[in-house]
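Worksheet for the structure shown next.
4 protein chains.
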Amino acid sequence: MSKRDQILATTLELVSELGFHATSVSLIIKKSGVAAGTIYHHFKNKEDLIDTLYSELKKEMGNAIVKNIDTQLNYKEKFFLIWENLFTFYLDNPKKFDFLEDYANSPFVRKEIKEINQRHYQAAIDFIISGIEMGILRNFPMDFLINLIFGNVSTLVRMILMEEIQLSDELLENAIQSSWDSVKIN
Amino acid sequence: MSKRDQILATTLELVSELGFHATSVSLIIKKSGVAAGTIYHHFKNKEDLIDTLYSELKKEMGNAIVKNIDTQLNYKEKFFLIWENLFTFYLDNPKKFDFLEDYANSPFVRKEIKEINQRHYQAAIDFIISGIEMGILRNFPMDFLINLIFGNVSTLVRMILMEEIQLSDELLENAIQSSWDSVKIN
Amino acid sequence: MSKRDQILATTLELVSELGFHATSVSLIIKKSGVAAGTIYHHFKNKEDLIDTLYSELKKEMGNAIVKNIDTQLNYKEKFFLIWENLFTFYLDNPKKFDFLEDYANSPFVRKEIKEINQRHYQAAIDFIISGIEMGILRNFPMDFLINLIFGNVSTLVRMILMEEIQLSDELLENAIQSSWDSVKIN
Amino acid sequence: MSKRDQILATTLELVSELGFHATSVSLIIKKSGVAAGTIYHHFKNKEDLIDTLYSELKKEMGNAIVKNIDTQLNYKEKFFLIWENLFTFYLDNPKKFDFLEDYANSPFVRKEIKEINQRHYQAAIDFIISGIEMGILRNFPMDFLINLIFGNVSTLVRMILMEEIQLSDELLENAIQSSWDSVKIN
DNA sequence: GATGAATGAGACTTCATTCAT
DNA sequence: TATGAATGAAGTCTCATTCAT
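Listed below in structure tokens is the structure:
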């Protein structure tokens, strides 16, 4: 594992555990076992380190979402699969979930960075757009639909991870159905 | 305006603008025009100041939600009214929205504080519970339903405030309907 | 002695001994015995501390220059007196001399600060201007004359302090005469 | 251009622009396009690099000073020529002027280095000594005379480069005359 | 109630330099 | 000759908080 990867992995760990606010560069130094200067050799500054990690995770998430999508499936079946793909990615990678959520909600994070990284889940965006065009999904602005659906996934995942709710096949099935009911027409 | 209120108002202003992360006590001192010691006269420490403000805002929000609920209305009509009440409170008080959202998402905020302040919207909780018991709402854990609905409201408000979507009567109507479709049975 | 004055005195001491380059805030902290925060309570930043000290010293120098100037004296006599006043101030305050010289030569020092502090020796400036107007001094731009004369004083003082030359009444007399010969007409 | 010369040229550029204080090795690395290790291959350390550059520039300056000195000229004529030679060298090489001035004024620069490089303008030194011995120049210690004259040149050059004064043939002529008047006897 | 000078730990970052390749 | 990843001490500055007035 390269020093660069050690730094990124440690940062993920710390932000997940403590949040951005409490994740200091000194902590990253101590936990990752690299020298202070090494961080600044690989990253312009703390912000660049965080943004880089965000970008990498967002890319990973984007790949996970469209995994195993059979083109033969109908729209609703694809919707259910994508929803579950995202859900599973988050649940299997709780630290990445924490990071991405914390990052997404941070007011100090530059909008521009978020927009650049939209490309990583362009497939999901195209899927939503096609649903609107085919008259299957509500005629909401695409962004709004994305935020509603992703928000639903996050809500469930967060509650499971915080042990405020217990996961079951039935719950998952119903949660996806609920999400589908909120965006489908009729 | 008392010194105490100046401090609270300034804190709201700053957290809304900069987020918790960047809202330092010295900034509050400078902007509010009070002396450092004065803050610690009225509040135990920074955390206490933030928690106090959170509690006051949450109470305000709780009152706003149940405003003008006519007992004559049927369940769905009440749902629509409550949803719109929350939406309107947030949109009319964008700084309070920012604060409450940032607070809710902060991982360093103690769960215990959040729970204590649930009492401020107990009426809304009771309304959801009755909906489940009457078989009108999906049989999800109450918390999950609350999070889904409140999450939907936040998603719409955030996008409007960030000017990523434009508000219209039709959009609002459809957004509430979408939220209703996701939680109602059938 | 107030904390603020302790900081200023220590800074003067250190810059004189080590130069700006090597005078770190940590060194000032250690030697002055104040806390880090105290420096930033009294001064905006390191630059502000340095600029403040410069301004105070320049003021002191300005006062020293015009000390004991008898209006009865003729122009040349006044010139000799002012020259010697500056010379004596520097020689009696070698640390202040070092600081002012180092500051004056620092390329990173803002011109604006230098200009603001010209007011502290406005009397000397007026004296030079009157000399030009009366046809006693060479018709050089005032700034140039000032720099030539002050430069001559500094050259002598620096060599004495570095023990590259030995002070005597005769040397001083001749040095002033040399400076006078360079600026007077004829 | 060899790597070594690239490093020296870049260092000159940076010191001229930013001063020693702000000219870091990493800046030299970035601007010169060489690797960190390369600098330490050619120079023992940063100090050695600076001292080497100083020595080269001082040598160049020494050569420029005595250029075109016709042995037929009388003492005063030679004085004027040497003065103008130095002046012209500085004005034609403003970055070298900046570097040499900054170096000369840096308190952290070792005296020993300055002395070693005196040899580069030994001709000028000998010229001054002969002037004293012949009773043409004031009977000041040679160092003092050198510092006075070089100081006069620097004062004029600095003001021209900073656009605080405008160069003209007349100004230059008078400036040299002024300098001459300050050191000549009678 | 209110002030603001003072604290010192810890924040982020840059520094000159080394060394295996 | 040349590279550039790695070092870790030291840089400036901000932080939340205290306490004598």
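Chains as they are written, first to last, in my numbering: chain A, 1 to 186; chain B, 1001 to 1186; chain C, 2001 to 2186; chain D, 3001 to 3186.
Glycine included, each C-beta is placed from N, C-alpha and C at the ideal position.
Small disclaimer: the values here were computed from a predicted structure and weren't measured.
Minimum C-alpha distance to residue i - residue among the options
i: D:P3107; options: C:I2129, C:K2003, C:T2023 and C:Q2006; result: C:T2023
i: A:L137; options: A:D181, A:A104, A:S2 and A:P94; result: A:D181
i: C:D2051; options: C:K2078, C:N2174, C:M2134 and C:V2015; result: C:V2015
i: B:L1100; options: B:V1183, B:G1019 and B:D1143; result: B:G1019
i: B:I1176; options: B:Y1090, B:L1081 and B:E1115; result: B:L1081
i: D:F3140; options: C:K2114, C:Y2121 and C:L2167; result: C:L2167
i: D:M3142; options: D:T3088, D:V3183 and D:E3013; result: D:V3183
i: C:K2030; options: C:T2011, C:E2017, C:N2105 and C:D2048; result: C:T2011
i: B:M1162; options: A:A123, A:G37, A:I160 and A:N105; result: A:N105
i: D:E3173; options: D:K3059, D:D3070, D:I3028 and D:F3087; result: D:F3087
i: C:S2032; options: C:L2008, C:E2047 and C:N2117; result: C:L2008
i: B:I1188; options: B:D1102, B:Q1122 and B:I1160; result: Outside the displayed range of chain B (1001 to 1186) lies residue 1188 of chain B, so it cannot be described from this structure.
i: D:E3164; options: C:G2151, C:F2144 and C:E2084; result: C:F2144
i: B:I1116; options: B:K1059, B:F1079, B:N1063 and B:E1170; result: B:K1059
i: A:S179; options: A:E84, A:T71, A:D70 and A:H21; result: A:E84
i: B:D1092; options: B:I1160, B:E1047 and B:N1152; result: B:I1160
i: A:E17; options: A:G151, A:H120 and A:K96; result: A:K96
Local conformation of residue i per DSSP, three classes
i: A:K96; result: helix
i: B:K1114; result: helix
i: D:L3012; result: helix
i: D:L3161; result: helix
i: A:K58; result: helix
i: B:K1184; result: strand
i: D:L3137; result: strand
i: A:N65; result: The sequence shown places Ile at residue 65 of chain A, not Asn. Helix.
i: A:M142; result: helix
i: D:V3034; result: coil
i: C:T2023; result: coil
i: D:T3088; result: helix
i: A:S168; result: coil
i: B:N1109; result: One point to set straight first is that residue 1109 of chain B is Val, not Asn, in the sequence displayed. The answer is coil: DSSP assigns B:V1109 none of H, G, I, E or B.
Status (buried if at least 16 other CB within 10 Å, exposed otherwise) for residue i
i: D:R3110; result: exposed
i: D:M3134; result: exposed
i: D:M3061; result: buried
i: C:N2045; result: exposed
i: C:N2068; result: exposed
i: B:I1149; result: buried
i: A:I65; result: buried
i: C:I2185; result: exposed
i: D:K3114; result: exposed
i: B:D1102; result: buried
i: A:S26; result: exposed
i: A:A124; result: buried
i: A:D169; result: exposed
i: C:D2098; result: buried
Neighbour list for residue i in chain B, Cβ cutoff strictly below 9 Å
i: A:G151; result: L1148, G1151, N1152, S1154 and T1155
Interface residues of chain C facing residue i [CB-CB closer than 7 Å]
i: D:R3138; result: N2174 and S2178
Within chain B, partners of residue i - CB distance below 8 Å
i: A:I165; result: P1141, D1143 and F1144
i: A:L20; result: Per the sequence shown, the amino acid found at residue 20 of chain A is Phe instead of Leu. Residues of chain B passing the Cβ test: H1021.
i: A:S182; result: N1152, S1178, S1179, D1181 and S1182
i: A:F108; result: L1018, G1019, H1021 and A1022
i: A:N93; result: Per Cβ cutoff of 8 Å: no residues; A:N93 is ~17 Å from chain B at best.
Contact list for residue i against chain C, beta-carbon separation under 8 Å
i: D:D3102; result: N2105 and P2107
Any non-hydrogen atom of the ligand ADP within 7 Å of residue i CB
i: B:I1065; result: This structure lacks the ligand ADP, and indeed carries no ligand of any kind.
Cross-chain neighbours of residue i in chain C, by beta carbon under 9 Å
i: D:M3159; result: P2141, D2143, F2144 and N2147
- Please confirm if the stretch 124 to 139 of chain A is in contact with the stretch 69 to 83 of chain A, defined as three or more CB-CB distances below 8 Å between the two stretches. yes
- Any contact of the stretch 149 to 167 of chain A with the stretch 44 to 60 of chain A, i.e. 3+ C-beta pairs under 8 Å? No: the two stretches stay apart, fewer than three of their Cβ pairs being nearer than 8 Å.
- At a cut of 8 Å, does the stretch 2029 to 2043 of chain C reach the stretch 2002 to 2010 of chain C through at least three beta carbon pairs? yes
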